[in-house]
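Each protein sequence line maps, in turn, to chains A and B. In case it helps, the working numbering puts the first sequence at residues 1 to 107. In case it helps, the working numbering puts the second sequence at residues 108 to 417. In this text, a Cβ means the ideal position worked out from N, Cα and C, and glycines have one as well. So the structure is just underneath, and the comments pick up after that.
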Amino acid sequence: MQKPINWVDEAVQSLHAAADRADVLGSADVFSSWAAMAGQIGLVASGLDPLAAPTIRRPWASVDDGLTAALEALDRIGPLDGADDLALWEWHVQEIRDLVERLATLP
Amino acid sequence: MNTTTAALLLLTADRLARELHTSTEPVTLPQWETFDNTVYRCLHTLLGPGRKLTGHDSAEGSAAIRTFQHYPTPLRPAPGETYSPTEAARLIGSNTHRITRDAIAGRIHAERVDRALRIPAEELDHRPDLTAAMSTDAHPFSRLTVAIGAMTDVLAGHRVSAGAALTDDRQIAAAMRHVLSLAAVAARHTLHTGAVADLDRPLLIAQYADLAVDALDGRSGYPQLWTMTSTNPPAWSVSNRGSAVGRPAGVRMIEAVSVRAANAVRDAVTYSWVGGMPVVSPAHARSAPRRAVAALRSDSAPEALCWFSM
Chain A
1 MQKPINWVDE AVQSLHAAAD RADVLGSADV FSSWAAMAGQ IGLVASGLDP
51 LAAPTIRRPW ASVDDGLTAA LEALDRIGPL DGADDLALWE WHVQEIRDLV
101 ERLATLP
Chain B
108 MNTTTAALLL LTADRLAREL HTSTEPVTLP QWETFDNTVY RCLHTLLGPG
158 RKLTGHDSAE GSAAIRTFQH YPTPLRPAPG ETYSPTEAAR LIGSNTHRIT
208 RDAIAGRIHA ERVDRALRIP AEELDHRPDL TAAMSTDAHP FSRLTVAIGA
258 MTDVLAGHRV SAGAALTDDR QIAAAMRHVL SLAAVAARHT LHTGAVADLD
308 RPLLIAQYAD LAVDALDGRS GYPQLWTMTS TNPPAWSVSN RGSAVGRPAG
358 VRMIEAVSVR AANAVRDAVT YSWVGGMPVV SPAHARSAPR RAVAALRSDS
408 APEALCWFSM
């Protein structure tokens, strides 16, 4: 029997991958906006599931792709199936994605 | 005829909250205040009127009571509640001494309960202009308010002997946590889209809701919400003011309105569910819902209005 997909875990993995990607864009410069963004994304991933470590490397081409994949995974969780504050976490991810979109347009 | 449950209405509210992010429509001050008042009424109904810390509360019950007590000064007092002079002073921005003096002099109606003064909510209600949101308002924020308001009405219809609708403190805390997380999302959305001059209160509620979500335990879920059903349209028959026959769920608030208003509602509505959202449509003439809303407004019956809004 096929194991049901854990969409929270899917979202967390996508967020960790997006954080990794943002870290790469930060080029190990701790003062880079991308490095700060990587930290923010990592915080949200840990908030969704503090125990889930990044295990699968996702081939997302961009930070935005990773965040979008995370949002799609969160959207698949029914409002009464996940945590009570899932709507709030989804809001955080959407906020970060908006910021990433703006950051990507900066020179 | 359709049946819904408090849980389904919470589910609808959650979906609507998640969709807020895609909306760029600004939230006006009246829309925010209606939402704010609806959330407070919902928390009050979940917890049950008059609930105070007793020293023998469970950890979840204690957290729920403290969370409710820390709600930033509500815009309207909770219906059916009574307040001590100190609580009343906080509600209307006065001081305890003045409230006590006015109560003793009879300028404010108060009752003695175990020798202590208790002031009914109606005496402290300075914002009767705040009424329920209407489902005829297509604004996504108002739709969220309507969903939470309707859930509150279903909960109010299932109160056990004037207590809380839910009987398990863990479920009360979990349901409060869910409602407050939706409030946090709504407040953030308002901060994004509202006018700067109107954002004091949304900011206060956003800060409060964030802390409250952290303080409450939401792990238990709330299976009791599934058992709280409501049937649309309410199949009541009105004999005279204040009495409805049959008392199906959801009728209780209709009892408070005039025969004219109740009949106007009965004539007006056909309920249907479209994509998980309750939709009210005219039963006879296009003007019927408008007449019903006008009748309920003139009756100052916000709960009935909210019910009708569903």
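Item                                                                                                                        : Value
Near-chain A residues of the stretch 280 to 309 of chain B (beta-carbon distance less than 7 Å), N- to C-terminal order     : A281, R284, H285, S288, L289, A291, V292, R295
B/A240 to A/L51 span [Cα, whole Å]                                                                                          : 41 Å
Selection of the stretch 85 to 99 of chain A by Cβ proximity to chain B, strictly under 7 Å                                 : D85, A87, L88, E90, W91, Q94
Opening and closing residue of the alpha helix (DSSP H) in which A/E72 lies                                                 : 63 to 75
Spatial neighbours of B/L426 in its chain, beta-carbon cut-off 8 Å, leaving aside the 5 residues before and after           : Absent from the structure is residue 426 of chain B, since the part of chain B shown begins at 108 and ends at 417.
Close Cβ partners of A/W34 (< 6 Å) along its chain, the five nearest in sequence each way excluded                          : A22, L25, G26
Pairwise C-alpha distance: B/R277 and B/Y329                                                                                : 8 Å
Sequence-distant residues of its chain with Cβ nearer than 6 Å to A/D20 (five each side left out)                           : none
Rounded straight-line distance, which links the Cα of B/H163 to that of A/I96                                               : 43 Å
Member of A/N6, A/I5, A/A18 whose CA lies at the smallest distance from the CA of A/V93                                     : A/A18
Whole runs of the beta strand (DSSP E) within the stretch 156 to 220 of chain B, excluding any shorter than 3 residues      : 218 to 220
Residues bridged to A/L86 [DSSP beta-bridge criterion]                                                                      : Its beta-bridge partners do not exist; DSSP assigns none.
Distance, A/E72 Cα to B/F248 Cα                                                                                             : 22 Å
Extent of the continuous alpha helix (DSSP H) run through A/A36                                                             : 33 to 48
Unbroken alpha helix (DSSP H) run spanning A/L80, endpoints                                                                 : Premise fails: A/L80 is in no alpha helix (DSSP H) and is neither H nor E.
Coil, strand or helix - B/P340 by DSSP                                                                                      : Residue confidence is low: B/P340 scores 48 on pLDDT, short of 50, so the model does not pin down where it sits. No coordinate-derived value is stated.
Nonlocal neighbours in the same chain, by C-beta distance under 6 Å from B/V261, ignoring five residues either side         : A113, M335, S337
Top-ranked residue by Cα proximity to A/P4, from A/A45, A/F31, A/R76                                                        : A/R76
C-beta contact flag for B/L323 and B/T174 at 8 Å                                                                            : yes
The stretch 208 to 217 of chain B contacting the stretch 156 to 170 of chain B, beta-carbon criterion three pairs below 8 Å : no
Exposure of B/T189, with buried meaning 16 or more beta-carbon neighbours within 10 Å                                       : buried
Within chain A, partners of B/G155 - CB distance below 8 Å                                                                  : The premise fails here: B/G155 is roughly 20 Å from chain A at the closest Cβ pair, so nothing lies under 8 Å.
Test item: CB-CB of A/L88 and B/V303 under 8 Å                                                                              : no
Contact belief for A/E101 with A/D64 at Cβ below 8 Å, rounded distance in angstroms                                         : 6 Å
Alpha helix (DSSP H) segment containing B/A245, residue limits                                                              : Unbroken run through B/A245: none, as it is neither H nor E.
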